[in-house]
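Residue numbers (full-length UniProt numbering): 1 to 135.
Have a look at the structure below, then the notes.
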Amino acid sequence: MGGTNPYIEKAEFTPAKQKYTITFMPEGKVVEVDPENVPYGRTGLPGSLLDIALGADLDVDHACGGVCACSTCHVIVREGLESCNEATDDELDMLDDARGVELESRLSCQCVPNGTKNLIVEIPTWNRNLVKEDD
């Protein structure tokens, strides 16, 4: 899945230019992000937390395919939020529908770190897709 949502304001972001790490909680999985390998797929903005999580085989629910049309990819950026792009009004509107919203909440499909800080990101229990289908 993937693509763009023509009904929302386009998010502005600065892609990372240097390597950095994201620790995804509660698993504690540390992912080194190399900007030369971004994007990993077509889900979410290029270099978004969703793109990086999926590229690292971490399951984050994303019912809309990462186009800011739902709130299922809600995460909480515990450290390093200041290095991420600003949330658009459309993202904030979607977050209004998310469970357990905090000041550091973001939609992982829209949150793009610029690489100047390492991040700690919590994937809430209800947003972890633990179901896998056999190939």
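For each residue, glycine too, the CB sits at the ideal point set by N, CA and C.
| Asked | Found |
| --- | --- |
| I'd like the span of the beta strand (DSSP E) that includes I123, first residue to last. | Per DSSP, I123 belongs to no beta strand (DSSP E) and is neither H nor E. |
| Span of the alpha helix (DSSP H) holding H91? | Strictly speaking, residue 91 in this sequence is Glu, with His absent from that position. Note, E91: alpha helix (DSSP H), D89 to L95. |
| Return yes when the Cβ of V67 is within less than 9 angstroms of the Cβ of N5, no when it is not. | yes |
| Just the Cα atoms here: how many angstroms apart are K117 and Y20? | 7 angstroms |
| What distance in whole Å lies between the Cβ atoms of H62 and E98, which are believed to be in contact at a cut-off of 8 angstroms? | Looking at the sequence shown, residue 98 is not Glu but Ala. No, A98 and H62 are not in contact; Cβ-Cβ is about 13 angstroms, not under 8 angstroms. |
| Nearest-angstrom Cα distance between A16 and P35? | 6 angstroms |
| For the candidate residues I120, D89 and T14, whose alpha-carbon lies nearest to that of I8? | D89 |
| Quick check on DSSP: helix, strand or coil for L45? | coil |
| What three-state label does DSSP hand P15 in the structure shown? | coil |
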